[in-house]
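Counted the way my numbering counts, the sequence shown spans residues 14 to 135.
Take a look at the structure below.
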Amino acid sequence: MNNPVVSVRYAGKVVIVEITIPRLLEDAQIMSLEETLSPLVEECRPTKMIIDFSRVEHLSSSALGVLIRINSEIKKQGGFLSLCGINKRILEIFKITKLDQVFTIRKDVSESHKAILLSINE
14 MNNPVVSVRY AGKVVIVEIT IPRLLEDAQI MSLEETLSPL VEECRPTKMI IDFSRVEHLS
74 SSALGVLIRI NSEIKKQGGF LSLCGINKRI LEIFKITKLD QVFTIRKDVS ESHKAILLSI
134 NE
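In structure tokens, the structure reads:
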């Protein structure tokens, strides 16, 4: 499943979502993100998801809101969400807002995948 904002692929039972645009700021983009992520969370229970931000340079507070909602839904069903590829500027926002304590954040998709596999084996 792909749209102008994200690309979705699977690695076994892990859903890997790559945000494909550098600026996730506009309402239409954020709506597209949520319209893609929400059904994936419902379809893949318990959801094991990686969201790759390696192409993202700027992120709006509305996009953060979508991530918080998705993370909450995944946790309710006993799933696991890992964010990765976050640049220093965006990571600083996560730290200031203490969202780095809410989300599992890893360097890249490979590290996120390892974190998910470890969570499954716990």
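Think of the CB as a built atom: it goes at the ideal place given N, C-alpha and C, for glycine as much as any other residue.
- Task: Give the range of the beta strand (DSSP E) segment to which residue 65 is assigned.
- Result: 61 to 65
- Query: Taking only runs of the beta strand (DSSP E) that begin and end inside the region 107 to 135, which ones reach a length of at least 3 residues, in chain order?
  - Reply: 117 to 119
- Query: Can you name the residues that DSSP bridges to residue 76?
  - Reply: Paired residues: none, contrary to the question.
- Task: Using alpha carbons as the reference points, say which of 76, 87, 95 and 84 lies closest to residue 106.
- Result: 76
- Message: So, at 6 Å on beta carbons, what are the nonlocal neighbours of residue 96 in its own chain, with the 5 sequence-adjacent residues on each side left out?
- Response: 64, 116 and 118
- Task: Would you identify the three-state DSSP class for residue 104, choosing helix, strand or coil?
- Result: helix
- Message: Spatial neighbours of residue 122 within its chain, please: C-beta separation below 7 Å, excluding the five flanking residues on both sides.
- Response: 29, 63, 65 and 97
- Whole angstroms is fine: what's the gap from residue 84's alpha carbon to residue 92's? 9 Å
- Sequence-distant residues of its chain with Cβ nearer than 6 Å to residue 142 (five each side left out): One cannot answer for residue 142 here, as it falls past the ends of the chain, which runs 14 to 135.
- Task: List the endpoints of the continuous alpha helix (DSSP H) containing residue 54.
- Result: 40 to 56
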